[in-house]
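In my numbering, the protein residues as written are 2 to 222.
Report on the structure given below.
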């Protein structure tokens with residue numbers, strides 16, 4: 002495996018800036034975009050749940066239908082090479098079929114092993130992070146996992162010279178309704194978590210202004 006230097010990685014991080022204006026004539030190759038999607042698919046998630054789906058929104062009419070409520074990506078709807086809406090799983094309880102399938106996928110098939118794992122997950126969801134009290138808490142937990150995939154996709158894209166922008170600037174109810182009505186997902190099982198645009202910038206983007214390391218890092222030694 003080829004190892005990148007810390008300077009190479011930092012250069013990609015510094016060059017990754019939220020892109021609002023894309024070159025509509027320049028498209029990401031299928032190979033490169035499959036690479037970006039693979040970074041999302043391979044991302045880690047709590048208890049190996051993988052509670053995500055990636056909707057790649059390329060249909061021009063569907064993009065136009067988002068304009069009345071997707072204020073955070075108005076320019077990108079016309080110009081971004083690719084737009085991804087990331088869904089999060091609803092009701093991913095410890096005892097759900099969804100999490101049972103994730104256990105089987107990871108080789109947990111022995112009945113005693115399954116029972117022990119389910120008990121561990123129950124204690125985790127009920128006591129440790131206290132999310133079994135509402136469907137919203139469970140959904141928020143699943144959404145948090147999707148942001149791991151989101152970050153990996155954007156970072157990998159930056160390292161490949163591709164620009165991106167994470168998007169929460171839209172009406173979630175309207176976005177869920179539009180995409181569900183298009184038959185892209187079952188709203189009883191999935192919900193919109195976040196969106197992200199990809200492409201190539203048409204103009205310089207101001208450098209990042211971040212807090213100093215000493216403001217955000219605390220060492221417990």
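The beta-carbon is built from N, C-alpha and C at its ideal position, and this holds for glycine as well.
As the structure is a prediction and not an experimental result, all values here were calculated from the model.
Where residue 65 is concerned, the enclosing alpha helix (DSSP H) starts and stops at 61-67.
Across the structure, residue 4 and residue 219 are spaced so that their CA atoms are roughly 28 Å apart. Residue pairing from DSSP places residue 202 in a beta bridge opposite 23. Per DSSP, the unbroken beta strand (DSSP E) holding residue 86 starts and ends at 83-90. The three-state reading of DSSP puts residue 55 in strand, counting E and B together. The Cβ-Cβ distance between residue 164 and residue 202 falls below 7 Å. Short of 7 Å from the beta carbon of residue 62, and not among the five residues preceding or following it, lies no beta carbon of its own chain. Counting along the chain, residue 132 sits inside no beta strand (DSSP E), nor does DSSP assign it H or E at all.
In the three-state DSSP reduction, residue 47 falls in the helix class (H, G or I). Straight-line measurement puts the Cα of residue 156 at about 24 Å from the Cα of residue 71. For residue 197 against residue 180, the beta-carbon gap comes to about 15 Å, at or over 8 Å, which does not count as contact. The Cβ atoms of residue 93 and residue 50 sit closer than 7 Å to each other. In the three-state DSSP reduction, residue 167 falls in the strand class (E or B).
Beta bridge pairing from DSSP links residue 197 with 85 and 167.
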